[in-house]
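**Q** Before anything else, here's the structure in question.
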Amino acid sequence: MTRRLSGFPASIQRGFRRNVHRAAAAGLLAAALAIPGTAALIAAPAMAQETPVRGGVLNSIVQPEPPTLMLGLNQQGPTQTVAGKIYQGLLTYDRKLNPLPSLAESWTVSPDGLTYTFKLFQNVKWHDGKPFSANDVVFSTSKFLMEVHPRARAAFSRCESIKALDDHTVEFKLKEPFPAFIQAFEVSSAPIVPAHIYEGSDYRANPANNTPIGTGPFKLKEWVKGSYIQLVRNEDYYKKDLPYLDGITFRVIPDAASRSLALESGQVQQTQYSDLEPFEVPRMKTLPNVTLTTAGYEFVAPMAWLEINHRVKPLDDKRFRKAIAYAIDRKFIRDKIWFGLGRVPTGPINSVVKFYDPKVTTYEPNLDKAKALLDEMGLKPDGKGVRATVKLMPMPYGETWTRLGEYLKQALGKVGVSVVLESTDAAGWAQRVANWDYEITTNFLYQYGDPALGVARTYISSNIRKGVLFTNTMGYSNPKVDELFDQASRENDPAKRQEQYSEVQRILSDDLPVVWLLEMEFPTFLDKRVKNANTTAIGVNDTYESVWLAK
Amino acid sequence: MMNSDFWRAFARNKGAVLGLAILIAIVVLAAFASVLFPGDPWEMATAPFQPPLSEDAMLGSDMLGRDIASGIAHGARVSLLIGLTSTAAALAIGVTLGALAGFHGGKVDDAIMRFTELFQTIPNFVLAVVLVAIFTPSLTTIVLAIAIVSWPPLARLARAEFLSLRSREFVQAAITTGQSNSTIILRQILPNSLSPIIVSASLMVATAILLESSLSFLGLGDPNAMSWGYMIGAARTVIRQAWWMSVFPGLAIVLTVLALNLVGEGLNDALNPKLARSRG
């Protein structure tokens, strides 16, 4: 064949030959694919690539742009995702919320549940080159976080003493058993900050807040406000050969459509939390270059509900709240409003959180039961079929929540509960809910891995605090529930704890202080070349020390 | 006699007749919305994301399964209601202030005009957004907000008319016969200055409808009233999957505003015979 072409210039011949070869190779490949037995042979080279390789920069999105990267001072979602690569906690957690090493190499808990001892990694250095020691941990947990971090304060105020036994050993002694304590060392719950920079200074005004110094595998190189945050490899990281990546760049993309486009075009290799709107997920799922997962949010485990002010009649009657629950189709909410993201809840505890128990009263959609309950209360339909009128103020957190409000109005209307929608902005919403100036609203809270940390706060009567958001704003009070949550938080025996939490779940799902709507899931999209990312319960907020990019 | 003159002049403008026809169709649609589409436009009547020409949704359904056609019919009520009432409110404020300024002149005129300028220097839409956001969105607050941002041009127009008519002989005669100021304003000057005010009011209805749509688009509409702007605002995010959710309400807005503008032009021709004659 080549001989016949001898009259053509050499370059054209070469080109032609190359094309012939390529065509032949493609043909062979097609033939091989057609025979099932050979599939393994083709997959083999891909398998060989699973050994991590050094190098490459991972691009992701940060949305909205965080006000600071000093994680001790600010724990908003975007701050956590970026600063989780710079700062570290003592522990991280697997998908089942069991502790894994981070700054602590190993740890022991005394049998009485009162003493927690952590052995720290050796040779850890701060990003400014100073050595890290147990003293930094003691300073962070007993001084820094106690002053600036409410969630950490709630945990560490239970300590009688926090001591450095030597340079690499820290001992926490509790006043009384608090088994959820082991969940309190996650990077956003208790980020370890450098004592040599913050000790004795005004923490919030320290100039170093603009140039965060952590121990993590990545350092802040450049932050161009409104454009990007560039992290680079920490060459002095204490784990040999880690991290694999040369850096991570978080791009600030305020427009939702542009964020979708950035992932579609491959400009970013990762999106997380609410970067993409739920309605984009079905479309993005079909892209060939990315994979979707909803894992990696087990630690936050958000639960969405209909929050009901018990100070308003007839909302104080649990039959009314049950009627509402029977009137709502939660599968519709999950499938049509959240486009399939999330799980239908059974009770107060998210099913991925410890001590979840599905054996509780559940409320399948049933309009007849709802009407029967309202009849029983004496709420008969008037001439227009209206039994009661309530005001619903949907959470102003974007249009998914607006759609939810519209759905709820229709769903409750079907059983004669007329809903008047109230609209408000984010600040107004927070102010009105915190001050109990609402009838019904929608809301969601993170559960932080343990009922004692993220669930009890919504239902115990000691947490009815006017003016404070994310407390027991409904004004629900049941002494038995208070007692069970209190006992369970101090119980060392996991079996007994389970019993107490199971009972409290049974009581709550019958009292129905709020109507649980959705165990929310966030979509994480990862480019198929990104390996080892999102492996723990804090998912995209973890250090990414062993994440690597396939070539 | 006067009537047939008016209609002849109006009908000479073919566009105006077309506009009037469209406008009547929209009014009929709004009036018979409950007959054509019984039930609540918010009702999730069918499966979500149904394309147009589906069995139970002529123009398709939205992301929660609400009928787009029903939304457009019921939305026409809200749009027309807000357009008319807010224009009426703006007329009340604008013409009153303009008349007082033009009739009395001097310090009263100065004071009123400085006050008007105060409003004219603030961008219309921004002020409307702020007002609605402060007073929480409802039909009443939206009507008031639109009226508050729309009256200044009417005030200026009324003032100019009053200024020029005030020095006419028939007004002077009325003053000499001892008629009271209010009688002169209401009986003598106002009827003679109505033509330009009517024309600009008809255009203002169109502007008000656009303003309401823009507010609803931004999520500042009355959350309990179905409106065209709301439909587009809610559907814009899924426009790549479902064009019909935003296109049909968009067409409804375009047609209504176009019709009102055409009618306004026709009114101008009919009520301003000098201009009409010079054209004809």
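The listed protein sequences correspond, in order, to chains P and D. For the first sequence, the residue numbers in the working numbering are 371 to 921. For the second sequence, the residue numbers in the working numbering are 3 to 282. C-beta atoms are modelled at their ideal positions from N, C-alpha and C, and glycine is treated no differently. These numbers come from a predicted model, not from an experiment.
1) Look up N194/D in the DSSP assignment and say whether it is helix, strand or coil.
2) Got a sec: does the ligand MG put a non-hydrogen atom nearer than 6 Å to the Cβ of D863/P?
3) Kindly indicate if chain D contains any beta-carbon less than 7 Å away from that of I908/P.
4) Is M440/P buried or exposed, if buried means 16 or more other CB atoms sit within 10 Å of its CB?
5) Comparing alpha-carbon positions, which option in T451/P, K545/P, I562/P lies nearest G584/P?
6) Shorter than 7 Å from the beta carbon of W230/D to some beta carbon of chain P?
7) Measuring CB to CB, does P139/D end up less than 7 Å from L222/D?
8) Let me make sure I understand the geometry here. Which of A13/D, L86/D, F12/D, Q174/D has the alpha-carbon closest to that of I144/D?
9) Quick check: the region 44 to 53 of chain D against the region 766 to 780 of chain P, are there 3 or more CB pairs under 8 Å?
10) Please confirm whether V132/D has its beta-carbon closer than 7 Å to some beta-carbon of chain P.
11) Using 8 Å for Cβ pairs, my map puts L428/P next to Q639/P. What's the rounded Cβ distance?
12) For I834/P, which of helix, strand or coil comes out of DSSP?
13) Is E267/D helix, strand or coil by DSSP?
14) How big is the Cα-Cα spacing for E57/D and A49/D?
15) Check whether chain P comes within 7 Å of M115/D, counting only Cβ atoms and requiring the distance to be less than that.
16) Check for me: the alpha helix (DSSP H) holding L782/P runs from which residue to which?
17) Looking at chain D, is there any beta carbon in it that lies within less than 7 Å of the beta carbon of K706/P?
18) Determine, for P139/D, whether the minimum Cβ-Cβ distance to residues of chain P falls below 7 Å.
19) Using CA atoms only, rank isn't needed, just tell me which of I694/P, K706/P, P652/P is closest to L737/P.
20) Tell me whether R713/P sits in a helix, a strand or coil according to DSSP, three-state version.
21) Whether or not the region 516 to 523 of chain P and the region 471 to 478 of chain P are in contact is what I'm after, with contact meaning three or more pairs of Cβ atoms, one per stretch, closer than 8 Å; do they touch?
22) For the beta strand (DSSP E) containing Y598/P, name the first residue and the last one.
23) Where R713/P and T812/P are concerned, what is the direct C-alpha to C-alpha distance, given to the nearest angstrom?
24) Please list, in chain order, the chain D residues whose beta carbon lies closer than 8 Å to that of R773/P.
25) Would the beta-carbon of P547/P fall within 7 Å of that of N862/P?
26) For F669/P and Y463/P, which I take to be in contact (beta-carbon distance under 8 Å), what is that distance rounded to the nearest angstrom?
27) So, for T118/D: in the same chain, excluding its five sequence neighbours on each side, which residues have a beta-carbon less than 6 Å away from its beta-carbon?
28) Please classify W799/P as buried or exposed, where buried requires at least 16 neighbouring CB atoms within 10 angstroms.
29) Can you name, in chain order, every residue of its own chain whose Cβ lies under 7 Å from the Cβ of F955/P, other than the five neighbours on each side?
30) Going by the DSSP bridge assignment, what does I532/P pair with across the sheet?
31) With distances taken Cα to Cα, identify the nearest neighbour of E435/P among T421/P, T451/P, L443/P.
32) Determine which residues of the region 42 to 62 of chain D have a Cβ less than 8 Å from any Cβ of chain P, and write them out in chain order.
33) Would you mind telling me which residues of chain P sit closer than 7 Å to T185/D, beta carbon to beta carbon, in chain order?
34) Let me know the secondary structure DSSP gives S56/D once reduced to three states.
35) Taking the beta strand (DSSP E) that R621/P belongs to, which residues open and close that run?
**A** The answer reads as follows:
1) Three-state result, N194/D: helix.
2) Looking at this structure, you won't find the ligand MG or any other ligand, since it has none at all.
3) Closer than 7 Å: no.
4) By the neighbour-count rule (16 or more Cβ atoms within 10 Å), M440/P is buried.
5) Closest by alpha carbon: I562/P.
6) Chain P, which has no Cβ nearer than 7 Å to the Cβ of W230/D, makes this no.
7) Yes. Within cutoff.
8) Closest option to I144/D, Cα to Cα, is L86/D.
9) Yes, the region 44 to 53 of chain D is in contact with the region 766 to 780 of chain P.
10) For V132/D, no CB of chain P lies under 7 Å from its own CB, so it is not counted at the interface with that chain.
11) Rounded, the Cβ-Cβ distance is 6 Å, consistent with contact.
12) When DSSP states are grouped into helix, strand and coil, I834/P belongs to the coil group.
13) Assigned with DSSP and collapsed to three states, E267/D falls in helix.
14) Taking the straight line from one Cα to the other gives about 11 Å.
15) So no, M115/D is outside the interface.
16) According to the DSSP assignment, L782/P belongs to the alpha helix (DSSP H) that extends over 769 to 783.
17) Put simply, the CB of K706/P is near chain D, with a gap under 7 Å to one of its CB atoms.
18) Yes - at least one Cβ of chain P is within 7 Å of the one on P139/D.
19) Minimum Cα distance to L737/P is reached at I694/P.
20) Strand at R713/P.
21) Touching, no, given that fewer than three Cβ pairs across the two stretches are closer than 8 Å.
22) First-last of the beta strand (DSSP E) with Y598/P: 598 to 603.
23) Within the model, the alpha-carbon separation for R713/P versus T812/P is close to 17 Å.
24) Neighbours of R773/P in chain D, taken as residues at a C-beta separation under 8 Å, are given in chain order as M65, L66, A236.
25) The answer is yes: Cβ separation under 7 Å.
26) That belief holds up - the Cβ atoms of F669/P and Y463/P are roughly 6 Å apart, short of 8 Å.
27) The beta carbon of T118/D lies closer than 6 Å to those of P154, A157 in the same chain, with the five residues before and after it left out.
28) Flag for W799/P reads buried.
29) Residue 955/P lies beyond the residue range present for chain P, which begins at 371 and ends at 921; the question has no answer from this structure.
30) Partner(s): F542/P.
31) Of the candidates T421/P, T451/P, L443/P, the residue whose Cα lies closest to the Cα of E435/P is T451/P.
32) Under the 8 Å Cβ criterion, the region 42 to 62 of chain D contributes D42, W44, E45, M46, P50.
33) The premise fails here: T185/D is roughly 46 Å from chain P at the closest Cβ pair, so nothing lies under 7 Å.
34) DSSP, reduced to helix, strand and coil, places S56/D within a strand of the structure shown.
35) Bounds of the beta strand (DSSP E) holding R621/P are 617 to 622.
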